[in-house]
Amino acid sequence: MRYLYLRKIKQGIFVSIKRGKMNIEESLSNVEKLMDLKKYDDAERLCSDIISFQKDRSVSISWLAEAFNILGLIMYKKVEFIKAQSLYKKSFEMDPSFAPAYYNHGVINYRLGMFEFAVKDFQKAVELDPDNLEFSAGLEASKIALGGLK
3 MRYLYLRKIK QGIFVSIKRG KMNIEESLSN VEKLMDLKKY DDAERLCSDI
53 ISFQKDRSVS ISWLAEAFNI LGLIMYKKVE FIKAQSLYKK SFEMDPSFAP
103 AYYNHGVINY RLGMFEFAVK DFQKAVELDP DNLEFSAGLE ASKIALGGLK
């Protein structure tokens with residue numbers, strides 16, 4: 003089997019992209035492990051590589067949307083909010099039913115004091131996933147903050 007890409011990342015995490023097909027779920031799991039270790043630069047590089055490799059292949063749009071969302075989370079952790087928002091937007095534009103991207107976009111709007119936009123993002127997330135208590139809490143907090151500005 004030929005490998006296009008093999009990288010050993012800190013803590014013994016191996017990622018390989020095999021010619022023709024890659025297990026994107028496992029690879030994104032490795033990105034999340036790096037994030038847990040606070041290795042954000044490594045996680046960013048790996049996630050970017052995964053996206054680059056998969057964009058031209060027949061991978062489901064929902065997986066790509068999740069990859070962009072995860073890359074947005076990495077940028078959020080690096081306090082690069084504008085980049086993160088751009089990635090979240092790309093995620094929900096790819097898959098308009100992917101609620102976490104709307105929620106994450108809303109979190110940044112909330113943190114930046116843009117409560118009206120945060121409400122819209124959280125409303126969409128709640129509409130798509132009404133049972134998610136975190137999404138509902140974000141919506142309520144944004145409505146309260148928005149009401150306090152009036």
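What the sequence shown shows, in this note's numbering, is residues 3 to 152, in sequence order.
Every residue gets a Cβ at the ideal spot worked out from N, C-alpha and C, and that includes glycine.
Values in this document were obtained by computation on a predicted structure and should not be read as measured data.
| query | result |
| --- | --- |
| Assigned exposure category for Asp38 - 16 Cβ within 10 Å defines buried | exposed |
| Residues of its chain near Arg113, where Cβ-Cβ distance is below 8 Å and the 5 sequence neighbours each way are ignored | Phe83 |
| For Phe137, the three-state DSSP class (helix, strand or coil) | helix |
| Where Val81 sits in the DSSP three-state scheme | coil |
| Closest Cα partner of Gly149 within the set Lys91, Phe55, Glu118, Glu95 | Glu118 |
| Residue from Asp43, Lys145, Lys40, Ser64 with nearest C-alpha to Ile1 | The chain is shown from 3 up to 152; residue 1 falls before or after that span and cannot be answered. |
| Residues of its chain near Lys80, where Cβ-Cβ distance is below 7 Å and the 5 sequence neighbours each way are ignored | Tyr42 |
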